[in-house]
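J.: Below are the structure tokens for one structure; questions will follow.
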Amino acid sequence: MSQVCDGVEHCYDGADEIGCETGVFAVKGVDEGRLNVTTWLKSRYSDVFGWHENTHRGIVALYLGNERNATNMTAGEN
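Taken in order, the sequence shown gives residues 6 to 83; the numbers are from the numbering used here.
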């Protein structure tokens with residue numbers, strides 16, 4: 006079994022883990038799913054009503070899912 010990119014530093018300088026994907030984005034499909042749900046969420050946005058009574062949830066979801074906040078979202082993005 007390979008000890009490269011297994012999340013454990015086996016080399017004294019950590020060379021066996023350099024350049025390896027880590028965290029949640031190392032899981033296949035997570036990044037694509039995050040982008041898909043961000044697109045879906047933006048498609049439900051209304052310039053007049055926001056996300057209605059769920060506006061605060063929409064803002065938090067966009068921030069957490071896309072590292073952005075509502076002040077960065079322009080009308081052309083939704």
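Where a beta carbon is used, it is the ideal one built from N, C-alpha and C, also for glycine. Just so we're clear, the structure is a prediction, and the values are computed from it rather than from any experiment.
(1) Assign L40 to buried or exposed, taking buried as 16 or more other Cβ atoms, counted over all protein chains shown, within 10 Å of its Cβ.
(2) S48 by DSSP, collapsed to three states: which one?
(3) Which class does D36 belong to by DSSP, given the choice of helix, strand or coil?
(4) Identify every residue that forms a DSSP beta bridge with G55.
(5) Grouping DSSP H, G and I as helix and E and B as strand, with all else coil, what is G19?
(6) Can the beta-carbon of V42 be found less than 9 Å from the beta-carbon of A66?
T.: So, from the data block:
(1) exposed
(2) helix
(3) helix
(4) S51
(5) coil
(6) yes
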